[in-house]
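Residue numbers (my numbering): 3 to 585. The structure appears below as structure tokens.
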Amino acid sequence: MRHLFRKFLVFLGGITLFGIVVSFAGILFVSFKTLKIQENSYLELSLEGPLEERPMDGLQSFLNPHPSLRSMIETLDHASRDPKILGVLLRLNQQSPMGLGQVQELRNALKSFSKKGKRVIVHCDTFGENTSGMAAYYLASAGQEIWLQPIGSLNIIGLGIEIPFLRKFLDDYGIKARILKREEYKTAMNFLTHEGLSSQNREDLEKILTARLKQMITDVSQDRKLSPARVREYIDRAPIVKAQSAKEMGLIDHIGYIEELYTSLKSKTQVPVQLVKFKQYAHVLQKPKGTNKIAIIYAVGPIMRTSEGGNPLALESVVSAEEVRKAFEDALKDPHVKAIVFRINSPGGSAVASDTIWGAVEHAKTKGIPVIASMGDVAASGGYMVALPATKIVANPATITGSIGVYSGKFVTDAFWEKLKIHWQGIQVGQKALIWNSVKEYSKEELDAINEALDHIYEVFMQRVSVARKLPLNEVRKVAQGHVWTGDQALNKGLVDVLGDMDVAINIAKKEAGFKEGEVVRLETFPRETTFIEKLKLLLTGNSPSLSLGGGIYEFFKMIKNSFKSLVIDSLYSPLAAYFESN
3 MRHLFRKFLV
13 FLGGITLFGI
23 VVSFAGILFV
33 SFKTLKIQEN
43 SYLELSLEGP
53 LEERPMDGLQ
63 SFLNPHPSLR
73 SMIETLDHAS
83 RDPKILGVLL
93 RLNQQSPMGL
103 GQVQELRNAL
113 KSFSKKGKRV
123 IVHCDTFGEN
133 TSGMAAYYLA
143 SAGQEIWLQP
153 IGSLNIIGLG
163 IEIPFLRKFL
173 DDYGIKARIL
183 KREEYKTAMN
193 FLTHEGLSSQ
203 NREDLEKILT
213 ARLKQMITDV
223 SQDRKLSPAR
233 VREYIDRAPI
243 VKAQSAKEMG
253 LIDHIGYIEE
263 LYTSLKSKTQ
273 VPVQLVKFKQ
283 YAHVLQKPKG
293 TNKIAIIYAV
303 GPIMRTSEGG
313 NPLALESVVS
323 AEEVRKAFED
333 ALKDPHVKAI
343 VFRINSPGGS
353 AVASDTIWGA
363 VEHAKTKGIP
373 VIASMGDVAA
383 SGGYMVALPA
393 TKIVANPATI
403 TGSIGVYSGK
413 FVTDAFWEKL
423 KIHWQGIQVG
433 QKALIWNSVK
443 EYSKEELDAI
453 NEALDHIYEV
463 FMQRVSVARK
473 LPLNEVRKVA
483 QGHVWTGDQA
493 LNKGLVDVLG
503 DMDVAINIAK
513 KEAGFKEGEV
523 VRLETFPRET
533 TFIEKLKLLL
543 TGNSPSLSLG
553 GGIYEFFKMI
563 KNSFKSLVID
573 SLYSPLAAYF
583 ESN
């Protein structure tokens, strides 16, 4: 009887889920499909929550109210050719963490939009409140008008980073981080093994911060028609707490609330101005219907062999090497795919997983399919390795890349357990059977084995760089050692081919594939995005083990939870996260 009752509850839950999903989808479908764009329309884009790299699929695209970076760029491109669209109103009131590479790509899209005769108007309540507003202001400076609330301020305070070093803390608890690395500049784990910044760590971080700030100053000075020296002066004077002072400096154009901006827009034309939500406009756009395709494959997050288990410390998704390999395989099976754009936003991860993806990219090239690597905020260590076989490598000026090196290690916890009066004993059959045991220190034989493995991986990595980038091995050694570089520095070192965003990579892919100017080409994401109906069918029929009826209910509410993950990310994100991305 209890079993029958449980089945009834599952059935009832499924019916309820079906009703919720269909009702919700119906509302969205009606609101999107009945949208009529009038003359004199402005798109209103509010940047809230994390800026996702890739488009959501299935239900998530409905539940997540924020367009992806790629969706924003494609929508702006379409709107730039729409005679009914006068411009875009960009609202930056709830500033979410944005990588500088992402900001540069969105700035490029906004500037291309304005070059077509459209207006870009930015409104912000404050550029940072007890926090930096550099990234938000850098983005805003691409607009023709910047509005700031009366009590808003400009926290354009420069770039900085603080790193907690845990060596003494671990020592006090009897824990030792035993890290082996290749080479001195591979400093990602220094926060566990050092009491402060090493000279190599400081050198690389200062180099990255200085280069990125220079890029920002150059772009802001051009857009605001100020000299670079004057912009640097204002940065050193910041925070600029008075909106009027910011206006007098030429950093903003207007002081006012969003309601005043709305009134200003409507007063400039005799025909009423319509404000259209950006996501609504994006949903009614028709995608190109040509048969020729360029495949888009994403690698976003730490690189792992599979996605099983995930990374409990990661704020974003992980890169499953097997899923990426399968995406390349599927793209190669499609006869209409003539080129692949491989979008990488990854700090690296497993050497084996990176090798798997390297092999998939190399295989695509041997099949005659051009592969263009597009680097996002970061494509370092394994994230750089997987780009190496590509026909061309494209990086943003602010992309963090390089980190050619490798490390391995473990925590040694014998002293910790002794403090707790707990004594471990082990039995091994095989000289190194307990090599990864965290209780004991490595033996000499174990250290020899690990060092041999690290030397081998490091040499293979450098050999691949040498072959792919056509650089002598002795030159590769100079730029390797774990060094990190910005995109523009990497270009000067011969590590990338072109500076540019994903659109630049797509245009290169079109040329490499032999497409003619103006030829219709579809961009298709691999693995193929699941449609809403397909996702709903899986939820209700249980055709996937993880999407049985009960599992489907769980999956549905998990997606709802994920749509609000920005609340968690906003509260947890710190400069420390940016540091780990760069090493």
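Where is the CB? At the ideal position from N, CA and C, for every residue including glycine.
Excluding sequence positions up to five before and after LEU228, its CB lies within less than 7 angstroms of the CB of GLY252, all in the same chain and listed in chain order. Taking C-beta separations shorter than 7 angstroms and ignoring five residues to either side along the sequence, the partners of ALA179 in its chain run LEU172, MET191, LEU194, THR195, GLY411, PHE413, following chain order.
Going by DSSP, GLN276 is part of the beta strand (DSSP E) stretching over 276–279. Just so you know, the alpha carbons of SER445 and ASN439 end up roughly 11 angstroms apart. In this structure, LEU53 places its C-beta atom within 8 angstroms of the C-beta atom of GLN104. Here LEU88 is actually not in contact with ASN132; their C-beta atoms are around 36 angstroms apart, not less than 8 angstroms.
Beta-carbon to beta-carbon, VAL343 and SER376 are separated by about 6 angstroms, close enough to satisfy the 8 angstroms threshold.
Ranked by how close their Cα comes to the Cα of PHE115, the residues GLU454, ILE75, PRO99 have ILE75 in first place. Secondary structure at THR77: helix, using DSSP grouped into helix, strand and coil.
Every unbroken stretch of the alpha helix (DSSP H) spanning 4 or more residues and falling wholly within the region 444–515 is given here in chain order: 446–471, 475–481, 489–494, 504–515. In the three-state reduction of the DSSP assignment, ALA142 falls in the helix class, which pools H, G and I. Counting the other Cβ atoms within 10 Å of the Cβ of TYR236 gives 16 or more, which makes it buried. Per the coordinates, the alpha-carbon of GLY160 lies some 26 angstroms from the alpha-carbon of GLU197.
By the CB criterion at 8 angstroms, HIS485 and GLY404 fall inside the cutoff. Beta-bridge annotation (DSSP): ASN347 is paired with VAL302. Counting only the Cα atoms, LEU94 lies some 29 angstroms from ALA382. Rounded to whole angstroms, the gap between the alpha carbons of THR293 and GLU521 is 11 angstroms.
ASP79 is the residue among LYS518, LEU71, ASP79, LEU277 whose C-alpha sits nearest the C-alpha of LYS289. For the pair GLN151 and LYS86, the CB atoms are not nearer than the 8 angstroms cut-off. With three or more CB-CB distances shorter than 8 angstroms, the region 115–125 counts as touching the region 140–159. Counting along the chain, ARG121 sits inside the beta strand (DSSP E) bounded by residues 121–126. When the Cα atoms are used, ILE260 and ILE254 turn out to be separated by approximately 15 angstroms. For PHE330, the enclosing alpha helix (DSSP H) has its first and last residue at 323–335. DSSP, reduced to helix, strand and coil, places PHE418 within a helical segment of the structure shown. Of the candidates TYR300, THR220, PHE418, TYR300 places its Cα closest to the Cα of ARG530.
Your pair VAL380 and ASN347 checks out as a contact, with CB atoms roughly 6 angstroms apart and the cut at 8 angstroms.
In the DSSP annotation of this structure, the continuous segment of the beta strand (DSSP E) that includes THR403 starts and ends at 402–404.
Of the residues GLU448, VAL481, ASP503, the one whose Cα lies closest to the Cα of PRO399 is ASP503. Distance between LEU501 and TYR386, taken at the CA atoms: about 15 angstroms.
Contact check between the region 321–332 and the region 356–363: three or more CB pairs, one atom from each, fall below 8 angstroms, which counts as touching. For THR527, no alpha helix (DSSP H) run applies; the uninterrupted beta strand (DSSP E) run containing it begins and ends at 524–528, by DSSP.
For LEU436, the secondary structure class from DSSP, reduced to helix, strand or coil, is coil.
Among the bridge pairs identified by DSSP, TRP149 is matched with HIS125, HIS256. Its Cα nearest to that of VAL506, the residue ILE395 stands out among ILE395, GLU443, ARG471. Cβ contact annotation for LEU102 (same chain, cutoff 7 angstroms, sequence separation greater than five): ALA137, ARG214, ASP379, ALA400, in chain order.
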